[in-house]
Amino acid sequence: MPSLIIKNGRVIDPASKRDAKGDVFIADGKFVKTLTPAQKKQAKVIDAKGLVVCPGLVDIHVHFREPGQTHKETILTGSQAAAAGGFTTVVCMPNTSPVVDNAGTVALIKSVAAAAPVHVYPTGCITVGMKGQALAPHGSLQKAGVVALTDDGLCVQSNELMHRAVEYAKMFGLSILDHCQDESMTEKAVMNEGVVSTRLGLKGWPHAAEDIIVARNIILSRYTGAHIHMQHISSAHSVELMRQAKKDGINVTAEATPHHIAFTEDALATYDTHFKMNPPLRTETDRLAIIGGLRDGTLDCIGTDHAPHAPEEKDKEFDYAPNGIIGLETALPVCLDILVKKSKFQLSHVIDLMTRKAADILKLPAGTLTPGACADVCIFDPGEAWLYNTYGAFSKSINSPWDKQTLTGRVKTTIVSGQVVYQNGKMLV
Amino acid sequence: MPWHRKHLLTIEELKRAEIEQILATAAAFRRVLDRKVKKVPALRGKTIVNLFLEPSTRTRISFEMAAKFLSADVISFDASASSTTKGETLRDTAQNIQALNADMIVLRHAASGSPLYLSKVLGIPVVNAGDGAHEHPTQALLDVFTMREKLGDLKGRKVVILGDILFSRVARSNIHALTKLGADVTIVGPSTLVPHWFESMGVRVSHNLRTALADADVVMLLRIQHERQGVSHFPSLGEYTSMFGLNYTRASWVKPDAIIMHPGPINRGVEIDSDIADSPRSVILQQVTNGIAVRMAVLYLCAGGQPEQVLTPVE
Ligand SMILES: [Zn+2]
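Chains as they are written, first to last, in full-length UniProt numbering: chain G, 1 to 429; chain S, 1 to 315.
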């Protein structure tokens with residue numbers, strides 16, 4: 001593998017507090033301080049003039065649908081979408097078919113993921129079959145290589161089982177990621193409960209159903225000391241609960257999605273199923289509270305919840321369409337727009353939320369340009385406007401609310417372990 | 001003013017002037033219904049398909065008669081939505097009907113928003129005959145038609161809608177129609193079925209029947225469907241009736257010349273006592289008859305007819 005020199009870029013690495021014009025050197029798949037004259041001679045040079053050079057983005061919440069639903073996405077196509085979006089490390093959810101509640105399925109995913117262009121880490125289920133009734137074999141799952149446990153898509157309803165789950169998983173150093181939803185309050189619900197659901201005649205999902213589980217998890221974390229991570233926070237009150245929990249020093253973390261900071265329930269006015277997601281889009285108050293949570297560190301990172309569905313599955317009456325949208329190829333420009341441009345975040349802060357802070361939650365070896373670290377890099381043009389078209393994009397699915405929209409900020413080059421995997425619209429591996 | 005709409009999907013999207021146009025057209029068709037030969041040639045040669053994926057015999061028959069009185073050919077089928085969700089999608093079903101050269105689809109569906117979805121998928125007009133808990137525009141039009149027949153201008157008139165508002169498409173369409181026509185609307189019932197969110201639609205929300213009914217010009221009752229709501233919205237039909245059922249005493253709280261309405265079918269002894277349902281104040285059966293005229297107007301206008309050209313009888 002030739003050495004690499006990334007020249008003249010604005011290098012932003014929040015982990016090492018670096019934000020200045022400069023060069024980045026890579027040898028043998030790792031970042032190095034500098035190259036020897038011999039290495040320099042043979043090195044490949046990437047001119048990043050006018051571009052931002054940052055650690056490869058990290059997403060701890062993606063759905064790749066393999067095994068079982070490969071018509072929606074495969075580990076390979078999902079990883080390509082990740083690479084095209086500047087992501088070099090992704091953590092995939094276990095609600096595949098079969099679900100990842102046994103070591104064999106973990107092994108299968110790992111063997112397929114070995115050929116993927118980015119680092120793909122599997123998670124395992126909290127409960128057997130994601131049924132919420134009995135603990136999955138957390139120890140065997142950890143041995144097989146999962147990096148966390150979650151029943152994402154569903155939420156463990158029994159407080160007792162959740163209590164035992166976090167206690168048991170802690171023994172193996174595994175975090176529990178929870179999709180916070182009291183299902184008894186959201187039966188058949190398809191959008192946020194409020195004035196819009198009332199007008200549209202759709203069954204509402206009250207934010208209280210999320211808040212109650214966030215509160216429960218905070219209580220269980222405090223009681224056991226176990227780490228619980230709240231996935232895709234959607235409500236202002238949940239942000240408030242997290243803020244207090246962090247003040248109290250409780251071992252909890254949380255993420256926000258690009259769609260929850262970009263849209264509100266008003267986007268559903270025409271029953272467009274591309275805005276149907278779980279948790280649902282909520283009010284402007286909630287949206288602003290989530291941005292506030294990202295600003296002050298109450299929410300720890302951005303996770304896309306990349307959730308591919310085939311076009312015919314979304315092309316339906318609103319009640320019958322599945323939840324979720326894809327997001328890997330749009331996350332960076334959306335965050336640049338909503339957080340940097342509209343909410344005046346520092347660019348380095350947003351990169352921190354999408355790199356080091358995301359990696360830290362699960363202690364993944366990613367998210368920094370520090371010498372010795374795995375050479376994962378994202379190079380993007382923060383000012384380039386481009387037309388996002390799901391046809392011709394890399395995900396197998398096209399369920400994006402940003403389809404055919406002009407986005408600003410474009411990934412030019414993605415480097416994984418020192419190898420250029422994506423450049424100027426083309427996948428190179 | 002010419003009529004421009006191809007579809008009738010909601011009352012919410014209609015301007016007041018469009019509601020007036022439909023009502024005026026319906027008035028002309030209402031006169032046709034009093035003739036010996038209740039038929040005009042307006043839609044001769046057109047085929048209308050009543051696609052009722054959530055069964056409703058009453059509404060379907062009313063649309064069927066309306067189409068026949070306009071001389072259209074009409075094909076109806078009742079099927080549960082589940083039979084289509086099992087295999088064929090709504091898009092496929094409807095595109096097949098269009099390919100069979102139907103000129104218009106009247107859709108009843110359990111999922112809110114499905115008529116709007118269909119209108120984007122098809123090239124032919126779509127008329128909403130009730131979508132989930134969203135809207136039932138022809139019901140609201142026949143309701144305001146009937147109110148105007150009895151009370152004249154609705155501006156400033158006090159209309160009380162009583163019952164299960166949360167799950168009611170009739171309530172939503174009526175709220176839009178009545179507020180557009182300047183009526184003063186109060187919705188009343190148990191707090192679980194009459195949530196405060198409705199205030200954003202320009203109505204007063206009340207859980208006190210006595211104050212809500214005081215000085216009402218119209219009391220519109222809605223059917224209570226306890227079985228649909230599961231167990232959590234109110235304790236029992238008996239409790240509902242004791243708190244919110246319209247009986248003789250409560251009916252005396254309204255204005256003496258107030259009218260009582262119900263979209264049917266009635267749960268006698270639940271939301272309304274029989275002596276009230278059958279009293280001279282009740283206009284429930286007039287609503288049914290007016291429904292045909294209103295649906296004739298809607299089918300006629302969406303098929304491209306114009307309000308001012310209503311029509312000589314067939315001999
Ligand atoms: Zn989730």
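Note that CB positions come from ideal geometry on N, CA and C, so glycine has one too.
Please report how far the alpha carbon of G/Glu152 lies from the alpha carbon of G/Thr77, in whole angstroms.
Checking the displayed sequence, the identity of residue 152 of chain G turns out to be Asp instead of Glu. Cα to Cα, the separation comes out at about 21 Å.
To the nearest angstrom, how far is it from the Cα of G/Ala134 to the Cα of G/Gly292?
37 Å
Cα separation between G/Val32 and G/Gly104?
If I take the Cα positions, the gap works out to 37 Å.
Can you find a CB in chain G that lies within less than 8 Å of the CB of S/Phe198?
Yes, contact with chain G.
Taking 8 Å as the limit between beta carbons, can you name the residues of its chain near G/Val429, skipping five residues before and five after?
Pro117, Gln419 and Val421
Quick check for students: name the residue ranges of the alpha helix (DSSP H) that lie wholly in the segment 154-216 of chain S, counting only runs of 4 or more.
As far as the segment 154-216 of chain S is concerned, its whole alpha helix (DSSP H) runs of at least 4 residues are 169-180 and 209-213.
With the cut-off set at 8 Å, would you say G/Asp182 and G/Ile213 are in Cβ contact?
yes
G/Val416: buried (16+ other C-beta within 10 angstroms of its C-beta) or exposed?
buried
At which residue ranges does the segment 88-162 of chain G contain complete alpha helix (DSSP H) runs of 4 or more residues, listed in the order of the chain?
103-113 and 138-144
Count Cβ pairs between the segment 277-296 of chain G and the segment 322-332 of chain G that sit closer than 8 Å; are there 3 or more?
yes
At 7 Å on the CB atoms, spell out the chain S contacts of G/Thr270, in chain order.
Leu116
Report yes if the C-beta of G/Gly303 is less than 7 Å from at least one heavy atom of ligand 1; otherwise report no.
no
Does S/Thr89 come within less than 8 Å of chain G when only Cβ atoms are used?
Interface annotation, S/Thr89: in contact with chain G, CB-CB separation under 8 Å.
For S/Leu221 versus S/Ile22, is the C-beta spacing smaller than 8 Å?
Their beta carbons are not under 8 Å apart, which means S/Leu221 does not touch S/Ile22 by this criterion.
Cα separation between S/Pro190 and G/Thr270?
29 Å
So, is the C-beta of G/Glu183 closer than 8 Å to a C-beta in chain S?
No, G/Glu183 lies away from the interface with chain S (no Cβ there is under 8 Å from its Cβ).
What are the partner residues of G/Gln419, as DSSP defines its beta bridges?
The partner list for G/Gln419 (beta bridge, DSSP) reads G/Val416.
Candidates G/Glu66, G/Ala82, G/Glu240 and G/Pro67: which alpha carbon is nearest G/Asp376's?
Ranking the options by Cα distance to G/Asp376, first place goes to G/Ala82.
Below 8 Å on the Cβ atoms is my contact criterion, and I expect S/Pro2 with S/Gln306 to pass it. Report the Cβ-Cβ distance as a whole number of Å.
Right, their Cβ atoms sit about 6 Å apart.
With respect to the alpha helix (DSSP H) encompassing G/Asp296, which residues constitute its N-terminal and C-terminal limits?
Glu284 to Asp296
Just the Cα atoms here: how many angstroms apart are S/Glu88 and G/Lys316?
11 Å
Against chain S, does G/Phe318 count as a neighbour if the rule is that its beta carbon must be under 8 Å from one of theirs?
yes
Is G/Arg295 close to chain S, meaning its C-beta is less than 8 Å from at least one C-beta of that chain?
no
Are the C-beta atoms of S/Met261 and some chain G residue less than 8 Å apart?
no
Which whole-angstrom value describes the C-beta separation of S/Ala66 and S/Leu299, a residue pair presumed to lie in contact below a C-beta threshold of 8 Å?
6 Å
Between G/Val195 and chain S, is there a C-beta pair that is closer than 8 Å?
Residue contact with chain S for G/Val195: present (Cβ-Cβ distance below 8 Å to some residue of chain S).
Report yes if the C-beta distance between S/Ala79 and S/Leu107 is below 8 Å; otherwise report no.
no
For a cutoff of 8 Å on Cβ pairs, would you count G/Asp315 as touching chain S?
yes
Between which two residues does the alpha helix (DSSP H) containing G/Glu210 stretch?
His207 to Thr224
For S/Glu308, count neighbouring Cβ atoms within 10 angstroms of its own Cβ and tell me buried if that reaches 16, exposed if not.
When all chains shown are included, S/Glu308 counts as exposed.
Mind checking whether the beta-carbon of residue 452 of chain G lies closer than 7 Å to any heavy atom of ligand 1?
Residue 452 of chain G is absent from the model: chain G starts at 1 and stops at 429.
Taking only heavy atoms of ligand 1 into account, decide whether any of them is closer than 7 Å to the Cβ of G/His227.
no
Does any residue of chain G bring its CB to less than 8 Å from the CB of S/Glu315?
Any reading at S/Glu315 needs caution, since the residue's pLDDT is 42, under 50, leaving its predicted position unreliable; the model's value is listed next. Answer no: the Cβ-Cβ gap between S/Glu315 and chain G never drops below 8 Å.
Check each candidate in S/His196, S/Asp257, S/Ala133 and S/His7 and name the one with the smallest Cα separation from S/Asp215.
S/Asp257
Could you check whether G/Gly124 and G/Pro94 sit closer than 8 Å to each other, using their CB atoms as the reference points?
yes
Taking Cβ-Cβ distances below 8 Å as the criterion, which residues of the segment 276-294 of chain G are in contact with chain S?
none
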